[in-house]
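Remarks on the structure that follows.
Protein chains: 2
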Amino acid sequence: MLEARLASATVLKKLLDAIKELVTDCNLEANEDGIGLQAMDNSHVALVTVQLEANEFDSYRCDRNMPLGVNLGSLTKILKCAKDNDVVTIKASDDADSLTLLFESPNSDRIGEYDMKLMDIDQEHLGIPDTQYDATITFSSTEFARICRDLSALGESVKIEVDKQGIRFTADGEIGNGSVLLKHSAGRGAVRAPPASRSRKAAKPKVKKEAKRDPDDEEEGSEPDVANVESDEEDVKPDVQEEEEEKPEVDEDDEDEEEQEDDEAEQPKKRKAGAVAKKETNGRAKKAKDGEDDGEAGVSIILQQSVSLTFSLKYLLNFAKSAPLSKQVTLNMSNEVPLLVAFEFEQGHINYYLAPKIGDD
Amino acid sequence: MLEARLASATVLKKLLDAIKELVTDCNLEANEDGIGLQAMDNSHVALVTVQLEANEFDSYRCDRNMPLGVNLGSLTKILKCAKDNDVVTIKASDDADSLTLLFESPNSDRIGEYDMKLMDIDQEHLGIPDTQYDATITFSSTEFARICRDLSALGESVKIEVDKQGIRFTADGEIGNGSVLLKHSAGRGAVRAPPASRSRKAAKPKVKKEAKRDPDDEEEGSEPDVANVESDEEDVKPDVQEEEEEKPEVDEDDEDEEEQEDDEAEQPKKRKAGAVAKKETNGRAKKAKDGEDDGEAGVSIILQQSVSLTFSLKYLLNFAKSAPLSKQVTLNMSNEVPLLVAFEFEQGHINYYLAPKIGDD
DNA sequence: AGAGGGGTGT
DNA sequence: ACACCCCTCT
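So the protein lines, in turn, are chains A and B.
The first sequence begins at 1 in full-length UniProt numbering and counts up one residue at a time.
The second sequence begins at 1 in full-length UniProt numbering and counts up one residue at a time.
Written as structure tokens, this is what we have:
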């Protein structure tokens with residue numbers, strides 16, 4: 001049986017707003033690690049994964065692995081019945097034919113209880129290899145959303161080029177061409193040599209498989225398909241959550257405190273997530289007065305080699321709907337390999353994978 | 001070649017929002033005076049003119065007259081890619097087959113560059129005579145917008161009557177009749193005898209031609225046509241900008257300092273525009289606390305003789321979309337002559353001309 | 001409370 | 001496809 005208590009409904013609401021248009025039905029995978037979700041989008045082009053960490057819940061109990069097949073539209077409707085600051089309790093009995101959501105006002109003077117029918121969904125669990133990316137760019141998620149929105153007025157595709165100078169998004173279309181260049185920020189998340197951050201990653205157990213995909217993988221995943229997905233269930237979830245935990249730190253310790261953070265890396269994740277949240281708050285307060293509040297925390301670029309990839313803006317626009325979940329987004333790119341768009345938030349993360357268009361000059 | 005730099009994208013955005021539904025394609029006329037636009041609306045009923053003064057740009061360079069044929073929809077799309085406080089640079093090379101817009105964030109960490117295809121547009125340049133109007137009413141632009149919106153719920157036409165008491169807008173329709181009366185403000189922009197303000201205007205060179213239109217002009221422009229437009233290119237732009245520069249002052253010196261402002265009238269325009277902007281700011285700050293911020297600066301009426309004219313609300317609604325550009329709007333009316341609706345803003349002005357309906361009451 | 005974005009209707 | 005209205009996010 002599952003019983004998970006979350007202090008605020010707002011994360012769940014934002015999560016569902018983010019993915020409900022990408023995925024109609026899918027299994028929520030509840031287990032001792034927390035609640036996860038993995039699904040191809042409806043047109044089978046993009047892959048979304050979500051993980052809510054068990055130890056980020058106010059309380060969490062899950063006796064066994066439970067695949068909970070939900071219709072995300074229905075779940076969204078039910079979540080609309082919760083106020084943002086309601087305390088949410090998610091319950092499922094062992095037969096798992098329905099999911100119960102309990103919404104309590106903060107002072108418990110109102111309690112809503114909603115039951116949702118579950119469905120059986122046959123869903124292969126895809127293994128997602130832990131890729132070492134050639135370029136990792138972390139910047140304002142609202143800036144990301146803004147760029148995708150702006151450029152989608154011009155064309156259907158965006159070319160993303162990353163080099164030492166910064167990251168450039170370019171779209172061409174009938175009415176004209178547009179390009180947006182974000183320069184890496186001096187003083188904060190500036191361009192950093194990869195080895196420094198990689199060495200920290202080596203401390204993790206069973207991370208990294210191969211850094212690059214096989215060429216034929218990209219062949220068949222040429223356009224509308226996530227190329228580097230494998231069917232290796234065993235090591236997927238650990239990999240994903242370890243890897244995602246990693247990325248924001250790169251930006252974190254760009255400030256001043258690398259060694260300290262490395263120490264913390266051995267500690268429970270709860271502690272680390274707290275640090276992330278705190279830092280984000282600082283970032284906002286710090287930047288609040290300089291007028292430009294999209295530039296929060298600047299643009300961090302970690303570059304192993306320059307990349308140039310082209311993607312469908314339609315999907316990026318969808319991914320950018322996760323911006324309310326996190327102030328920062330991380331784009332992970334290697335040439336001819338699917339893009340990983342990652343959002344970290346206090347309770348977990350959401351990752352999107354999208355294969356590049358081919359012939360992307 | 002043209003290169004014009006504007007400290008903030010917001011004026012351009014507002015301008016295009018204001019006219020993009022009225023005009024589809026038109027030439028931007030860049031020359032040493034600045035950037036101008038003149039176009040009939042798509043149904044050839046109303047006339048719009050815009051002027052952005054060269055000396056109000058942060059920097060301005062235009063070597064020769066360049067007609068830049070733009071699709072306003074495309075330009076609007078591109079301007080949506082600029083944030084309000086972005087610095088905008090407009091560039092066109094001498095062959096003028098495309099227009100480049102550069103959007104830089106205030107701290108230059110983001111640079112957007114957009115190229116827009118230009119088109120050849122054959123467009124006669126209409127001469128607009130400098131008319132002395134029988135009634136000139138200056139009041140809150142949002143009030144104007146509100147009245148147009150409110151009355152358009154009742155009928156398709158509005159009768160505008162101006163006399164010493166004030167200005168009355170009346171609409172009749174099936175569900176009932178409505179009328180809004182704005183009284184001239186005591187203490188501020190009150191009704192003023194025309195000679196006083198006319199004498200100031202007399203200080204300008206080459207102003208005023210004839211005060212009234214020829215009757216046959218109105219005949220052919222009876223309903224859907226701007227009647228008093230002549231094909232006299234020479235004196236149009238100077239006249240327009242002189243005249244428009246004049247109007248807000250009427251309201252300005254209603255405060256206490258008539259003579260001083262008359263002195264300034266001889267000074268360069270740059271100086272005067274600055275004064276206008278400053279006064280507007282004061283007006284906002286002053287009124288901020290009395291709750292009614294539509295009544296800013298009151299209602300100023302300069303009346304030579306009473307007028308009563310009827311106009312299509314559809315067009316007035318469109319004109320009122322310029323309200324974000326200026327806190328004040330000026331209506332200039334003479335019986336049986338097209339209405340001039342004028343908005344002044346720091347970088348220039350926008351004027352709308354609309355012929356009255358006949359049988360107007 | 002205001003502005004921007006998304007969705008719906010013409 | 002464009003315009004208008006409503007809702008959400010800032």
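From the three backbone atoms N, C-alpha and C, an ideal C-beta is built for every residue, glycine too.
The structure presented is a predicted model; accordingly, all values stated were derived computationally and were not measured.
| residue 6 (chain A): which of A:26, A:34, A:137 sits nearest, CA to CA? | A:34
| request: Have a look at residue 247 (chain B) and residue 11 (chain A) and give me their C-alpha separation to the nearest angstrom. | output: In this prediction, residue 247 (chain B) has a pLDDT of 40, which is less than 50 and means its spatial position is unreliable; nothing more can be read from the coordinates.
| said: Alpha carbons only, please: which of A:157, A:69, A:114, A:41 is nearest the one belonging to residue 80 (chain A)? | reply: A:114
| message | Strictly under 7 Å for the Cβ-Cβ distance: is residue 163 (chain A) near chain B by that measure? | response | Not one chain B Cβ lies under 7 Å of residue 163 (chain A).
| message | Please report whether the beta-carbon of residue 119 (chain B) lies at a distance below 7 Å from any beta-carbon of chain A. | response | no
| task | Leaving aside the five residues before and after residue 350 (chain B) along the sequence, list all residues of the same chain whose C-beta is less than 6 Å from its C-beta, in chain order. | result | 50, 322, 343
| query | Going along chain B in order, which residues have a C-beta closer than 8 Å to the C-beta of residue 178 (chain A)? | reply | 78, 81, 112, 113, 114, 115
| Cut-off 6 Å between Cβ atoms - residues of its own chain near residue 332 (chain B), not counting five sequence neighbours on either side | Beyond the five residues adjoining it in sequence on each side, residue 332 (chain B) comes within less than 6 Å, by CB distance, of 133, 136, 340 in the same chain, given in chain order.
| field | Residue closest to residue 359 (chain A), alpha-carbon to alpha-carbon, out of A:168, A:299, A:159, A:300 | value | A:159
| By Cβ distance, which residues of its chain are closer than 6 Å to residue 13 (chain B), with the 5 residues on each side in sequence left out? | 79
| request: Name the residue from B:177, B:70, B:22, B:336 whose alpha carbon lies nearest to the alpha carbon of residue 314 (chain B). | output: B:22
| field | Beta-bridge pairing of residue 167 (chain B) - partner residues as DSSP gives them | value | B:162, B:182
| Extent of the continuous alpha helix (DSSP H) run through residue 110 (chain B) | Taken as a continuous stretch (DSSP letters only), residue 110 (chain B) belongs to no alpha helix (DSSP H), being part of the beta strand (DSSP E) at 110-117.
| task | Taking residue 36 (chain A) as the reference, give the member of A:324, A:306, A:15 with the closest Cα. | result | Nearest C-alpha to residue 36 (chain A): A:15.
| field | Backbone secondary structure at residue 348 (chain A) - three-state DSSP | value | strand
| request: Check whether the Cβ of residue 342 (chain A) lies closer than 7 Å to any Cβ atom in chain B. | output: So no, residue 342 (chain A) is outside the interface.
| request: Would you mind stating whether residue 326 (chain B) and residue 138 (chain B) have Cβ atoms separated by less than 7 Å? | output: Not a contact, by the Cβ cut-off of 7 Å.
| Who are the near neighbours of residue 335 (chain B) in its chain, counting only those whose CB is closer than 6 Å to its CB and skipping five residues on each side? | Correct list, in chain order: 307.
| query | alpha helix (DSSP H) containing residue 149 (chain B): first to last residue? | reply | 141-152
| Identify the residues that DSSP records as bridge partners of residue 1 (chain A): which are they? | Beta-bridge pairing links residue 1 (chain A) to no other residue.
| query | Listing by chain order, which chain B residues have their CB less than 8 Å from the CB of residue 396 (chain A)? | reply | Nothing about residue 396 (chain A) can be reported from this structure: the residues present for chain A run from 1 to 361 only.
| field | Of the residues A:32, A:40, A:30, the one placed nearest residue 24 (chain A), counting alpha carbons only | value | A:40
| Near the ligand NAP: residue 303 (chain B) beta-carbon under 6 Å from a heavy atom | Questions concerning the ligand NAP fall outside what the structure shown contains, since it holds no ligand whatsoever.
| request: Can you give me the Cβ contacts of residue 42 (chain B) inside the same chain, cut-off strictly under 8 Å, excluding the 5 residues immediately before and after it? | output: 22, 23, 24
| Under 7 Å between C-beta atoms, does residue 12 (chain B) make it to chain A? | no
| residue 74 (chain B) versus chain A: which residues are under 8 Å apart at the beta carbon? | 175, 176
| field | Nearest to residue 31 (chain A) (by Cα), restricted to the options A:44, A:85, A:67 | value | A:67
| request: Determine the direct distance from the alpha carbon of residue 317 (chain B) to that of residue 352 (chain B), and round the result to whole angstroms. | output: 12 Å
| So, using beta-carbon positions, are residue 124 (chain A) and residue 348 (chain A) closer together than 7 Å? | no
| said: For a test of the three-state rule: what should DSSP assign to residue 78 (chain B), helix, strand or coil? | reply: helix
| task | Enumerate, from N- to C-terminal direction, the unbroken alpha helix (DSSP H) stretches of 4 or more residues contained entirely within the region 30-108 of chain A. | result | 72-79
| request: Please state whether DSSP places residue 357 (chain B) in a helix, a strand or coil. | output: strand
| Using the C-alpha atoms, what's the distance from residue 152 (chain A) back to residue 173 (chain A)? | Cα-Cα distance, rounded: 9 Å.
| request: Quick one: list the residues of chain B neighbouring residue 362 (chain A), beta-carbon separation under 8 Å, in chain order. | output: Only positions 1 to 361 of chain A appear in the structure, and residue 362 (chain A) is not among them; the question remains open.
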